[in-house]
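Notes for the one structure printed next.
Next up, the structure:
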């Protein structure tokens, strides 16, 4: 079966910093993969390269077998990709419902002149309400996004990404800034999305919650993959423990 | 009504078309342009040139729309690389470039402009009515566009173009479309102006005109078609109703601009909305 995502020798350098250094891995269709690593490991950079927000210096990216390396973000979305942002970025002039309705109409907005000829939003609005309800945001539809707390804005990011009907969902720290209860609820929503068949790559620092839903972890450190496998095996690896705690961690623990 | 009233109505109609078209670029799509007079002028010059060469009125007006729209498309490409204040500075440059270019072109009459523009065949009254009809059509188109999915896409691009891309909105295409449509409509205003005055000079399309148009948009309420129409009407009529205003036009328009930005960033449209909400709240 064609993998949902294939990354082949992707690298990018910012000035003197090699942010991502020849990363390769693939994600099978329907998988929920946790992409973890210490601060500055290159996780967000890699996610932004996959989404086309940043261009890689070298390497190739395929989504569902299609080479998207040279495609802009909006065309990758048409290939089934969706991404949420680490720092929430709602459209501030819109309500929660409008944010998600716009995403639900991605097939219309993909062509400006076709968009000019379309007026009715009824079907997209109905779908947006359903998506909002599915992430626990029923009742917030008509609220201005500026009035929503961070927990709800994080969910709105997920709802907006879901509304483009993705086959591959990239989540960049969806639990950051949430309290324990909100984080647990958010990870349950992510698990439910994945069970519906959406391949998901989750960048997150909250390891306890990541381990709860992910069946596979990929660990990045200094732009390289240092471990890839089942959560229990990955966390037990010396290289991973050293990346998080520092060299000599195992000796100290012993 | 006197010829004077018709001439005021004609200028008001032209200003409405210009302000509404600028609002499509700056209000709907968030691309701050301070060079709108250049597109207005290119439409006026193209129409005047072809009209003087004997081209029928509809085709001469169409030439103004096409030339201004193409110039807008070119400047729109600059907006793909430049944002906010850098785009504003670039469009100021376009404004000066246009006037500087036209002043040196003998085939466009250089400093003296184009003076032998034939009459449209309509009288003063019908000319004014044609301009007002075009202004109404522009308002209707703008209202429709804002409610269409294209307007929805514009709002997303104006809010945050990178986020818009992540939900499949091709932000670059939207910016080009906004510039092309907005400037093409400004070209129509230029053509109507050329037939209205039958005499155009470079200084009629200078930077001050661009700033005045932006003042109409901001004072009316950036992004609100009806607010911008109100802004255009008020700033057109003020100097006519109060003659002393004409002498201090820039001072008063500038002062109004500062007051609106400081105390009512939503402009007249924002004030209207607040008033309605207050009345409903009682």
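Chains as they are written, first to last, in this note's numbering: chain F, 145 to 398; chain R, 51 to 332.
C-beta: ideal position from N, C-alpha, C; glycine also.
Which runs of the alpha helix (DSSP H) spanning at least 4 residues fall entirely within the stretch 212–271 of chain R, listed in chain order? 221–247 and 257–270
Could you give the DSSP three-state label for residue 397 of chain F: helix, strand or coil? Low local confidence applies: a pLDDT of 44 at residue 397 of chain F is under 50, so the model's placement there is unreliable, with the coordinate-based value given in what follows. Helix, per DSSP.
With DSSP as the reference, identify every bridge partner of residue 151 of chain F, one or two as the case may be. F:169 and F:205
Pairwise C-alpha distance: residue 224 of chain F and residue 352 of chain F: 29 angstroms
Within the continuous beta strand (DSSP E) that includes residue 228 of chain F, where are the two ends? 225–228
Could you check the C-alpha separation between residue 335 of chain F and residue 162 of chain F for me, to the nearest Å? 33 angstroms
Quick check on residue 89 of chain R - is its C-beta less than 7 angstroms from some C-beta in chain F? no
Going along chain F in order, which residues have a C-beta closer than 7 angstroms to the C-beta of residue 198 of chain R? 259, 260, 262 and 263
Identity of the residues DSSP links to residue 343 of chain F by a beta bridge: F:312
Of the residues F:288, F:313 and F:373, the one placed nearest residue 364 of chain F, counting alpha carbons only: F:373
Backbone secondary structure at residue 294 of chain F - three-state DSSP: helix
Cβ shell of residue 311 of chain F (< 7 angstroms), same chain only, five flanking positions each side left out: 148, 208, 224, 342 and 343
Residue 211 of chain F Cβ short of 6 angstroms to the ligand MG heavy atom set: The ligand MG is not part of this structure, which contains no ligands at all.
Which residues in chain F sit within 8 angstroms of residue 209 of chain R, going by Cβ to Cβ distance? 235, 236, 237 and 238
Using a Cβ-Cβ cut-off of less than 8 angstroms, give me the residues of the stretch 263–284 of chain F that come near chain R, in sequence order. 263 and 265
Note down, in chain order, every chain F residue with its Cβ under 7 angstroms from the Cβ of residue 227 of chain R. 256
Any contact of the stretch 110–117 of chain R with the stretch 316–331 of chain R, i.e. 3+ C-beta pairs under 8 angstroms? no
Given that residue 223 of chain R touches chain F, what residues does it touch there, using C-beta distances under 7 angstroms? 256
Between which two residues does the alpha helix (DSSP H) carrying residue 371 of chain F extend? Unbroken run through residue 371 of chain F is the beta strand (DSSP E), 368–373; no alpha helix (DSSP H).
Applying a beta-carbon distance threshold of less than 7 angstroms, which residues of chain R neighbour residue 252 of chain F? 199
Between residue 121 of chain R and residue 89 of chain R, how many whole angstroms is the CB-CB distance? I'm expecting something under 8 angstroms. 6 angstroms
Suppose you measure from the CA of residue 276 of chain R to the CA of residue 189 of chain F; what does that come to, to the nearest Å? 44 angstroms
Alpha carbon to alpha carbon, how far is residue 238 of chain F from residue 245 of chain F? Give it in angstroms, no decimals. 10 angstroms
Which bits of chain R does residue 224 of chain F rub up against, with CB to CB less than 8 angstroms? Here the premise fails: no neighbours, minimum Cβ distance about 11 angstroms.
Contact under 7 angstroms by Cβ, residue 81 of chain R with residue 74 of chain R: no
When you compare the stretch 238–248 of chain R with the stretch 91–110 of chain R, are there three or more beta-carbon pairs, one atom per stretch, that lie closer than 8 angstroms? yes
Chain R within 7 angstroms of residue 194 of chain F, Cβ atoms only: no
Assign residue 211 of chain R to buried or exposed, taking buried as 16 or more other Cβ atoms, counted over all protein chains shown, within 10 Å of its Cβ. buried
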